[in-house]
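First comes the structure, then the notes that go with it.
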Amino acid sequence: MFKAAAIGQYYPGDSFFHRLEPRIKIGLIAIYVISLFLFNTYRGYLAMSLFTLAVIITSRLPYKLLLRGLKPLYFILAFTLVLHIFLTKGGTVLFQWRKISIESQGVISGLMMAWRLVLLVMTSSLLTLTTSPIALTDAIEGLLSPLKPIGVPAHELAMMMTIALRFIPTLLEEAEKIMKAQMARGADFESGNLIQRAKSMIPLLVPLFISAFRRADDLALAMEARCYRGGKGRTKMRVHKITGKDWFTLVAFAGTVAVLLWLKF
Numbered sequence: 034m035f036k037a038a039a040i041g042q043y044y045p046g047d048s049f050f051h052r053l054e055p056r057i058k059i060g061l062i063a064i065y066v067i068s069l070f071l072f073n074t075y076r077g078y079l080a081m082s083l084f085t086l087a088v089i090i091t092s093r094l095p096y097k098l099l100l101r102g103l104k105p106l107y108f109i110l111a112f113t114l115v116l117h118i119f120l121t122k123g124g125t126v127l128f129q130w131r132k133i134s135i136e137s138q139g140v141i142s143g144l145m146m147a148w149r150l151v152l153l154v155m156t157s158s159l160l161t162l163t164t165s166p167i168a169l170t171d172a173i174e175g176l177l178s179p180l181k182p183i184g185v186p187a188h189e190l191a192m193m194m195t196i197a198l199r200f201i202p203t204l205l206e207e208a209e210k211i212m213k214a215q216m217a218r219g220a221d222f223e224s225g226n227l228i229q230r231a232k233s234m235i236p237l238l239v240p241l242f243i244s245a246f247r248r249a250d251d252l253a254l255a256m257e258a259r260c261y262r263g264g265k266g267r268t269k270m271r272v273h274k275i276t277g278k279d280w281f282t283l284v285a286f287a288g289t290v291a292v293l294l295w296l297k298f
């Protein structure tokens with residue numbers, strides 16, 4: 034289950050979305066995420082879903098990789114759906130038993146929220162799957178560079194964010210190994226109620242934190258051995274430049290979203 038996460042992994046390719054300037058990609062994802070919270074109809078979500086599908090197809094990304102990345106979300110999606118079904122009222126009564134009722138507005142609201150979560154996770158995965166770690170670091174640093182005059186360490190923040198993203202698959206894989214080792218010793222992570230399952234995770238969390246600190250220490254030593262001293266005086270092997278094609282893509286997408294919102298799509 035843990036190894037299924039697609040966020041943090043990089044899948045090399047030469048598609049249009051792979052070649053797009055990383056800062057523009059981050060801008061597209063930001064507009065996409067904001068639009069998901071502004072759309073309140075299924076037509077808007079359908080339009081965003083078609084855009085996501087088009088990016089996946091043109092990027093030639095493995096469908097199984099993206100679908101497996103949703104597995105860790107199954108519990109959250111089910112919990113969100115059930116919560117909205119029983120707590121959101123309005124519309125036609127679909128089921129009534131004593132004081133418990135299920136109404137159409139609750140079902141619609143739950144499905145829309147689950148749909149939104151799926152799209153958010155998939156687009157976040159698209160960013161890391163199509164952008165190399167170095168390019169992502171440079172992009173975040175470039176976006177934060179206007180804050181340097183007020184003392185914001187742009188390079189260090191960008192490096193921290195990128196390392197955190199790239200450590201997600203590593204830590205999840207480590208959690209999978211620890212869980213299998215604990216199960217071989219008789220640990221049970223599947224049976225029991227929610228509280229019992231949460232308690233059974235304690236033997237997993239302690240060694241996972243120890244492993245995370247050890248990996249962080251190893252990474253710090255490796256960076257120090259390579260004379261890493263932050264962004265001061267650092268040169269780049271590849272300088273990313275925003276082209277007219279990149280600007281056109283960003284403006285076209287932003288304009289399309291604005292028109293859809295104006296039409297109350």
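Under the numbering used here, the residues of the sequence shown are numbered 34 to 298, in order. Glycine included, every Cβ here is placed at the ideal spot set by N, Cα and C.
(message) Alpha carbons only, please: which of L71, R76 and L198 is nearest the one belonging to L169?
(response) Checked all of L71, R76 and L198; the closest Cα to L169 is L198.
(message) Please classify R56 as buried or exposed, where buried requires at least 16 neighbouring CB atoms within 10 angstroms.
(response) A residue is called buried when at least 16 other Cβ atoms come within 10 angstroms of its Cβ; R56 meets this threshold and is buried.
(message) Whole angstroms are fine: how far does the CA of A245 sit from the CA of A30?
(response) With the chain covering only 34 through 298, there is no way to say anything about residue 30.
(request) Reducing DSSP to helix, strand and coil, say where Y43 ends up. (result) It is coil, neither helix nor strand.
(message) Determine whether the beta carbon atoms of P202 and Q42 lie at a separation below 8 Å.
(response) Cβ distance < 8 Å, so P202 and Q42 count as in contact.
(message) Helix, strand or coil for E223? Go by DSSP, reduced to three states.
(response) Of the three classes helix, strand and coil, the one that applies to E223 here is coil, per DSSP.
(request) To the nearest angstrom, report how far apart G143 and V115 are at their CA atoms. (result) In this structure, the straight-line span from the alpha carbon of G143 to that of V115 is close to 7 Å.
(request) Decide if K181 is buried, meaning its Cβ has at least 16 other Cβ atoms within 10 Å, or exposed. (result) Counting Cβ neighbours within 10 Å, K181 comes out exposed, since fewer than 16 surround it.
(request) Name the two residues that bound the continuous alpha helix (DSSP H) containing S137. (result) Per DSSP, S137 belongs to the alpha helix (DSSP H) from S137 to L162.
(request) Report the rounded CA-to-CA distance for M34 versus P105, giving the unit in angstroms. (result) Any reading at M34 is ruled out, since the residue's pLDDT is 49, under 50, leaving its predicted position unreliable.
(request) Note the first and the last residue of the continuous alpha helix (DSSP H) segment covering L79. (result) Segment Y75 to S92, the alpha helix (DSSP H) holding L79.
(request) Using a threshold of 8 Å, state whether the C-beta atoms of L176 and V185 are closer than that. (result) No, the Cβ-Cβ distance between L176 and V185 is not below 8 Å.
(request) Compare the Cα-Cα distances from D171 to each of S158, L159, A187 and L160 and report the closest residue. (result) Checked all of S158, L159, A187 and L160; the closest Cα to D171 is A187.
(message) Quick check: what's the CA-CA separation for F305 versus L100?
(response) In the structure displayed, the chain extends from 34 to 298; residue 305 sits before or after that span and is not available.
(message) Could you check whether A285 and I64 sit closer than 8 Å to each other, using their CB atoms as the reference points?
(response) Taking 8 Å as the Cβ cut-off, I64 and A285 do not qualify as a contacting pair.
(request) Could you spell out the range, first to last residue, of the alpha helix (DSSP H) harbouring L110? (result) Segment Y107 to L120, the alpha helix (DSSP H) holding L110.
(message) On a Cα-Cα basis, can you pick out the residue from W295, P179 and T276 that is closest to R52?
(response) The shortest Cα separation from R52 among W295, P179 and T276 belongs to T276.
(message) Going by the DSSP bridge assignment, what does F128 pair with across the sheet?
(response) According to DSSP, which records beta bridges pairwise, F128 is partnered with I135.
(request) Would you mind reading off the limits of the alpha helix (DSSP H) that contains F278? (result) Note that residue 278 is Lys in the sequence shown, not Phe. Looking at the DSSP string, the run of the alpha helix (DSSP H) that includes K278 is G277 to W295.
(request) Taking I118 as the reference, give the member of T161, G219, M146 and L103 with the closest Cα. (result) Nearest neighbour of I118 by Cα position, chosen from T161, G219, M146 and L103, turns out to be M146.
(message) I'd like the list of long-range same chain contacts for T113, defined as Cβ closer than 8 Å, with 5 residues on each side in sequence excluded.
(response) Correct list, in chain order: G143, M146, A147 and L150.
(request) Tell me where the alpha helix (DSSP H) around G123 begins and ends. (result) Careful: G123 lies outside any alpha helix (DSSP H) and carries neither H nor E.
(message) Please return the same chain residues whose Cβ sits closer than 8 Å to the Cβ of Y78, not counting the five positions on each side in sequence.
(response) L69, F72, M145, W148, R149 and L152, listed in sequence order.
(request) Can you say whether G60 is buried or exposed, counting buried as having 16 or more other CB atoms within 10 angstroms of its CB? (result) When all chains shown are included, G60 counts as buried.
(request) Out of F108, W130, L110 and G139, state which residue places its alpha-carbon closest to the alpha-carbon of G123. (result) By alpha-carbon distance to G123, the top candidate from F108, W130, L110 and G139 is G139.
(request) Go through its chain and collect everything with a Cβ distance to A220's Cβ below 7 Å, but skip five positions before and after it. (result) The answer, listed in chain order, is S233 and P236.
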